[in-house]
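Take 3 as the starting number for the sequence shown in the numbering used here and just add one per residue.
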Amino acid sequence: MKSIDINTLDISAPKLIGKQWMLITAGTPDKFNTMTASWGGIGFLWNRPVAYVFVRTNRHTAGFMNEQKKFTLSFMPESYRQDLIYCGRNSGRDVDKMANTSLKPMTTAAGNVAFEDAELVLECRTMFQTTLKEADFLDFSEVAPQWYDENNPMHVLYIAEIADTLVQD
Ligand SMILES: Cc1cc2nc3c(=O)[nH]c(=O)nc-3n(C[C@H](O)[C@H](O)[C@H](O)COP(=O)(O)O)c2cc1C
């Protein structure tokens with residue numbers, strides 16, 4: 003893959019994240035985890051391009067994100083849809099996602115793990131993270147029944163600088 007200036011990308015973030023979905027990957031080439039995500043955004047903050055993602059506290063991937071303070075977002079072609087569903091329904095605590103999917107991990111020049119065949123990879127360095135709090139919702143009762151209960155804990159919001167943008171050669 004080759005590195006490009008993110009400003010040359012012509013993308014719709016809601017479509018890219020909400021419809022195509024992404025793999026959030028964190029860890030080291032020897033020990034990493036990946037999960038599917040469809041909530042988040044791409045924007046501009048603190049005078050730099052940023053990505054922000056929402057990861058529930060109980061995700062195995064969250065532990066790797068908290069430890070490494072960086073992660074990648076891989077946007078895969080449609081042919082990987084079943085693998086994204088698998089990585090979104092199973093935890094790396096219980097299964098070997100690499101053995102059970104056709105995803106091929108690769109190490110970027112910066113030493114991060116992403117996936118071969120990705121149409122787009124964003125290499126992210128976490129700058130800010132916070133666990134969403136019930137008290138900060140203007141109307142928590144509107145959101146809670148659908149999204150939060152004893153089995154579905156709060157999300158952590160991670161805001162990360164996009165340090166590099168990779169596309170296929
Ligand atoms: C389409 C789709 C989108 C998802 N989006 C998110 C998300 O934005 N945040 C999140 O915490 N979990 C999301 N999930 C659920 C996680 O991918 C799922 O819990 C996964 O098994 C976590 O894996 P892990 O425990 O190995 O980290 C999504 C699942 C699917 C199928």
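From the three backbone atoms N, C-alpha and C, an ideal C-beta is built for every residue, glycine too.
Bear in mind that the values here come from a model prediction, so they are computed numbers and not experimental data.
- A Cβ-Cβ contact shorter than 9 Å links PRO51 with ILE164.
- A distance criterion of 8 Å places the beta-carbon of SER76 beyond contact range of ligand 1, judged by its closest non-hydrogen atom.
- Positions of the beta strand (DSSP E) runs, each at least 3 residues long and wholly inside the region 43-69, are given as 50-58 in order along the chain.
- With respect to the C-alpha of LYS99, the residue from THR132, ASN68 and ILE87 having the closest C-alpha is ILE87.
- Secondary structure of ASN9 (DSSP, three-state): helix.
- When the five nearest sequence neighbours on each side are left out, the beta carbons in the same chain lying within less than 7 Å of the beta carbon of SER40 are those of ILE19, GLY20 and TRP23, in order along the chain.
- The alpha helix (DSSP H) runs of length 4 or more contained entirely in the region 59-124 are, from start to end of the chain, 62-70 and 83-91.
- Contact annotation: ASN154 and ARG58 have beta-carbon atoms nearer than 9 Å.
- For ALA146, the uninterrupted alpha helix (DSSP H) segment begins and ends at 142-149.
- Following the DSSP letters along the chain, one finds ALA39 inside the beta strand (DSSP E) bounded by residues 34-39.
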